Ligand code: NDP
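In my numbering, the protein residues as written are 424 to 656.
This is the structure we're talking about:
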């Protein structure tokens, strides 16, 4: 699809959650290459961020850590142009709702849905400060209501349905203020989460989230994307 894109992210600031491995590491590296100041949100305080990225301790389940991370970005950079809500966990392999523990359900929803919602809440004042702030929610076709919801991972599926709901809400409430909120499905990708049999490389999986992070004002928001095309929620 032909949409207005930032050719460079020079002078812009991005925050990527779960930036130490998998898709998040690749997305952070590409945004760094595009010229953004990239805050790599990570749980490990010892993380040595590559390139010009700045490591930022950020567990998305921890409200105090979220507040501290956003405050750090405000003090150091005084702006935030892109928030990539990438960090996530999955249910234990093979789980169905009948056998999944309540603590596992809580953990998945807390990380994959509450985390992005609370982080976005505290990031919004910075994202709205300049027109064209972007929220990229890394979602999954496993949460799409139009696809058959079978094959386990109940909390993961519902968390991604909810994350898409967050995208739709952000668009509805804030697009007239200039916010561009979109969801992306990276496809099935060879990461720790996706496993070795997945058909896609990390580069292929990161392509659409990075493309969404480059959306310029007047680009579409409030959509769910895969391979740079709109897909059903
Ligand atoms: P990985 O399991 O490889 O990486 C997950 C990342 O999330 C790690 O950096 C991890 O950090 C971080 N993370 C987990 N919990 C938290 C937390 N509480 N706070 C902060 N960071 C946390 O996953 P992928 O790279 O494969 O997945 C990235 C995104 O893509 C996810 O949203 C996933 O749902 C989505 N996706 C992936 C698919 C795939 O096939 N791989 C398919 C569809 C969607 P740590 O190292 O500290 O654990």
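The C-beta atom is built at its ideal place from N, Cα and C for all residues, glycine as well.
None of the values given here were measured: they were computed from a predicted structure.
Original post:
CB-CB under 8 Å to residue 476, same chain, minus the five flanking residues each way: which ones, in chain order?
Top reply: Translated into positions along the chain shown, residue 476 becomes position 53. 442, 451, 452, 455, 461, 462 and 463.
**OP:** Compare the beta carbon distance of residue 612 and residue 624 with 9 Å and say whether it is the shorter of the two.
**Re:** Position 189 of the chain shown, counted from the first residue, corresponds to residue 612. Position 201 of the chain shown, counted from the first residue, corresponds to residue 624. Yes, they are a contact pair.
Subject >> Straight-line Cα distance separating residue 610 from residue 628 >> reply: Taking the first residue of the chain shown as position 1, residue 628 is located at position 205. Taking the first residue of the chain shown as position 1, residue 610 is located at position 187. The straight-line gap from Cα to Cα measures roughly 6 Å.
**OP:** Pick out whichever of 617, 595 and 447 has its Cα sitting closest to the Cα of residue 643.
**Re:** Locating residue 643 in the chain shown gives position 220, where the first residue counts as 1. Closest option to residue 643, Cα to Cα, is 595.
**OP:** Specify whether the region 525-534 and the region 544-560 touch according to this definition: at least 3 beta carbon pairs, one from each stretch, less than 8 Å apart.
**Re:** no
Original post:
What is the C-beta distance between residue 635 and residue 648, in whole angstroms, given that I count them as a contact (C-beta under 8 Å)?
Top reply: Here residue 635 is taken as the residue at index 212 of the chain shown, counted from 1. Here residue 648 is taken as the residue at index 225 of the chain shown, counted from 1. Going by Cβ atoms, the distance from residue 635 to residue 648 rounds to 6 Å, so yes, they are a contact pair.
**OP:** Could you tell me if the beta carbon of residue 592 falls within a distance shorter than 8 Å of some heavy atom in the ligand NDP?
**Re:** As a first step, residue 592 is located in the chain shown; it is residue number 169 there, counting from the start. False, no ligand heavy atom lies under 8 Å from that Cβ.
**OP:** Please name the residue, chosen from 555, 585, 558 and 553, that lies closest to residue 565 on a Cα-to-Cα basis.
**Re:** Taking the first residue of the chain shown as 1, we reach residue 565 at position 142. Residue 565 has its Cα closest to that of 585, out of 555, 585, 558 and 553.
Original post:
What residue from 449, 457, 541 and 507 has the CA that sits closest to residue 483's CA?
Top reply: Counting from one through the chain shown, the residue named residue 483 turns up at place 60. The shortest Cα separation from residue 483 among 449, 457, 541 and 507 belongs to 541.
Original post:
What residue does the alpha helix (DSSP H) around residue 462 start on, and which one ends it?
Top reply: Here residue 462 refers to the residue found at position 39 of the chain shown. Where residue 462 is concerned, there is no enclosing alpha helix (DSSP H), although the beta strand (DSSP E) it sits in stretches over 460-465.
Original post:
Quick one, which of 545, 561 and 606 has its alpha-carbon nearest residue 494's?
Top reply: As a working mapping, residue 494 is identified with position 71 in the chain shown. Nearest of 545, 561 and 606 to residue 494, Cα basis: 545.
Subject >> C-beta atoms of residue 558 and residue 534 nearer than 9 Å >> reply: Along the chain shown, one-based indexing puts residue 558 at 135. Along the chain shown, one-based indexing puts residue 534 at 111. It is not a contact, given that the beta carbons lie outside the stated cut-off.
Original post:
So, is residue 490 buried or exposed, given that buried needs 16 or more other C-beta atoms within 10 angstroms?
Top reply: As a working note, residue 490 is residue 67 in the chain shown. Burial call: exposed.
**OP:** Between the Cα of residue 429 and those of 505, 447 and 561, spot the shortest distance and give me the residue it belongs to.
**Re:** Along the chain shown, read from residue 1 onward, the residue named residue 429 stands at position 6. Here the closest residue by C-alpha is 505.
**OP:** Starting from the N-terminal side, write out each stretch of the alpha helix (DSSP H) that is 4 residues or longer and does not extend beyond the region 489-574.
**Re:** 525-532 and 538-550
Original post:
Terminal residues of the continuous beta strand (DSSP E) containing residue 469?
Top reply: As a working mapping, residue 469 is identified with position 46 in the chain shown. Taken as a continuous stretch (DSSP letters only), residue 469 belongs to no beta strand (DSSP E), as it is neither H nor E.
Original post:
Quick one: is residue 554 buried, meaning 16 or more other Cβ sit within 10 Å of its Cβ, or exposed?
Top reply: Walking along the chain shown from the start, residue 554 turns up at place 131. Counting Cβ neighbours within 10 Å, residue 554 comes out exposed, since fewer than 16 surround it.
**OP:** Quick one: which unbroken beta strand (DSSP E) runs of 3-plus residues sit fully inside the region 570-614? Chain order, please.
**Re:** 603-607
Original post:
residue 608 to residue 508, Cα distance in whole Å?
Top reply: The residue you call residue 608 lines up with position 185 of the chain shown. The residue you call residue 508 lines up with position 85 of the chain shown. Cα to Cα, the separation comes out at about 12 Å.
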